[in-house]
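Numbering (this note's numbering), first residue to last: 268 to 344.
Just so you know, even glycine gets a beta-carbon here, dropped at the ideal spot from N, CA and C.
What you are looking at is a predicted structure, and each value in this text was computed from that prediction instead of being measured.
Here's the structure we're looking at; comments come further down.
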């Protein structure tokens, strides 16, 4: 897995985005909804063809990971 550090500008922009534009929990909810809709569309359209399944699986995983970081859905209480 590749790890990069964010530039100061990127950190500032992300903080501004999540503090002034959208709540992280709302963003996580949106990511999960969009991910579900995209997955459903791809599966319905390409299920018999199996086109781009590996790339799609990776993208699905990374979007879910981002949503989990923003708002842990499976966190222990």
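Among the options, nearest to residue i - alpha-carbon criterion
i           : options            : result
residue 322 : 335, 306, 273      : 306
residue 331 : 290, 309, 294, 308 : 294
Per-residue DSSP class, three states only, for residue i
i           : result
residue 283 : helix
residue 293 : helix
residue 322 : helix
residue 302 : helix
residue 331 : helix
8 Å contact criterion, which residue i and residue j should meet: CB distance rounded
i           : j           : result
residue 333 : residue 298 : 6 Å
residue 286 : residue 327 : The pair is not a contact, with the Cβ atoms about 28 Å apart (cut-off 8 Å).
Local Cβ density within 10 Å of residue i, reported as buried at 16 or more and exposed below that
i           : result
residue 337 : buried
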